[in-house]
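Residue numbers (the numbering used here): 12 to 266.
Worksheet: one structure, shown below.
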């Protein structure tokens, strides 16, 4: 099972898919999801989920980005079905987003007619421009630029979700050491829209936990302090990453 580049997106196909995942990563780090999220997405592949990860360039118009990534996903899925790389029989489709990718998945589910068995939203982030771009006020840009805002704005995004979001089943994941996470404000909006269909988890880790890779620290003939640090690093970050993967797979296939 190897990554394939199709239409400027990255695809991972197990032999007999049991479901399809549309993955959207965070701002900037989502441009190469086959590298930045490799381990996590490959665990989904090993469990039988075909993954279509659509990179995107960050910008102010999040509606346009959501539309573009959805169009690419649907075109690639249709192409894979036409060549029998993915069965044309019904397979559940899930959206998975991390950070800004959560907002994009929420916009897709609010603005466009899509069929989803559910969404997994990890470390939801919906900050305004001034918070999303640190030190913006100190940058050498004109005054008009300081008034720029994402489209839709954070407030408009919340209103769209509250009124139009159609994906009933959702898993919200936040981490214990994540000061960028806004899952706390998203959870009540989704709970009010779809009572008893929204699950929320708080896991050990931080905003970058989904980007982690499994480490294989090899101890030499003599155990050194560096080996102790390396093993601690491996155990801590590997544990957080494994917990995330296990909880995602448990929600995807509760049976």
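All C-beta atoms, glycine included, are put in the ideal place defined by N, C-alpha and C.
Source: prediction; values computed, not measured.
Selection 66, 187, 135 evaluated against residue 251 yields 187 as nearest (Cα-Cα). A distance below 6 Å between beta-carbons, with the five flanking residues on each side excluded, links residue 197 to the following residues of its chain, in chain order: 135. Here residue 203 is exposed: its Cβ has fewer than 16 other Cβ atoms, across all protein chains shown, within 10 Å. Taken through DSSP and simplified to helix, strand or coil, residue 16 comes out as strand. Counting only runs of 4 or more residues that sit fully inside the segment 56–135, the alpha helix (DSSP H) segments are 73–93, 111–122, in chain order. Beta-bridge partners of residue 210 (DSSP): 182.
For residue 34, the beta-bridge partners assigned by DSSP are 64, 107. Taking C-beta separations shorter than 8 Å and ignoring five residues to either side along the sequence, the partners of residue 15 in its chain run 21, 22, 23, 24, following chain order. Under DSSP, residue 21 takes part in a beta bridge, and its partners are 16, 64. Taking the Cβ atoms as the reference, residue 59 lies roughly 11 Å from residue 103, outside the contact range of under 8 Å.
C-alpha of residue 222 to C-alpha of residue 205: approximately 30 Å in a straight line.
In the DSSP assignment, residue 188 is bridged to 217. In the DSSP assignment, the residues bridged to residue 162 are 72.
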